[in-house]
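Numbering (the working numbering), first residue to last: 474 to 679. C-beta: ideal position from N, C-alpha, C; glycine also.
Here you go:
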């Protein structure tokens, strides 16, 4: 199916280009979202008549999008979620979660404008792309943690997994120290060692 683009579409073309696309892509995405029109003679003439108006509208929306991008690009948002000790989330962070979070911050973003490269199913800091305009993107970071304290830890550059490994190593060291102390306490004043390593007399010499 041939369509005429009403805005820049990645991997397809610029506003005004007539391109061939799969019918399903046109019917399910381009046409209902107002990104294109069927490339009929009537629609081509209509576009040419409105081209200057559409270009002016595009410049205005792009200007607004750049303003939002300057505000959001590089910002970090803390997302508190329950997770296992290994850092696996009980669920995931979805585009709806991101849209709701941004709405609370006073920014209206549609879910289809939010791009999550890989499903967010682990604690840590994740990058999310916002398609604010066909020619304007912004990147935000999600600091996904189980608590505000863990979020601060991750913000400092240390992962929850690293922290857990350090705590486990410290616990093992404390246990080892405890056993050493118990062993030392077993030596009485006469030099008796319950482990058989003391200086007590050999009963065979009696």
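{"Item": "Are there 16 or more other CB atoms within 10 angstroms of the CB of residue 560, so buried, or fewer, so exposed?", "Value": "buried"}
{"Item": "Can you find the residues in the same chain that come closer than 7 Å, C-beta to C-beta, to residue 589, ignoring five residues on each side of it along the sequence?", "Value": "568, 601"}
{"Item": "Identify the residues that DSSP records as bridge partners of residue 550: which are they?", "Value": "615"}
{"Item": "What are the residues that DSSP puts in a beta bridge with residue 632?", "Value": "Per DSSP, none; premise fails for residue 632."}
{"Item": "Can residue 545 and residue 611 be called in contact, C-beta distance under 8 Å?", "Value": "yes"}
{"Item": "What distance in whole Å lies between the Cβ atoms of residue 587 and residue 572, which are believed to be in contact at a cut-off of 8 Å?", "Value": "6 Å"}
{"Item": "Would you give the residue range spanned by the beta strand (DSSP E) that residue 603 belongs to?", "Value": "597-606"}
{"Item": "Going by DSSP, name the residue or residues bridged to residue 609.", "Value": "606"}
{"Item": "Using DSSP's beta-bridge definition, name the partner residues of residue 493.", "Value": "475"}
{"Item": "Could you compute how far the alpha carbon of residue 562 sits from the alpha carbon of residue 625?", "Value": "18 Å"}
{"Item": "Starting from residue 556, follow its DSSP beta bridges and name the residues at the other end.", "Value": "562"}
{"Item": "Less than 8 Å between the CB atoms is what I'm expecting for residue 509 and residue 551, so what's the real figure, rounded?", "Value": "Incorrect: roughly 39 Å between the Cβ atoms, too far for contact."}
{"Item": "Among 521, 501, 497, which has the Cα closest to the Cα of residue 477?", "Value": "521"}
{"Item": "Where does the unbroken alpha helix (DSSP H) through residue 522 begin, and where does it stop?", "Value": "514-545"}
{"Item": "Could you spell out where the beta strand (DSSP E) holding residue 509 opens and where it closes?", "Value": "509-511"}
{"Item": "Who are residue 579's beta bridge partners in DSSP?", "Value": "Paired residues: none, contrary to the question."}
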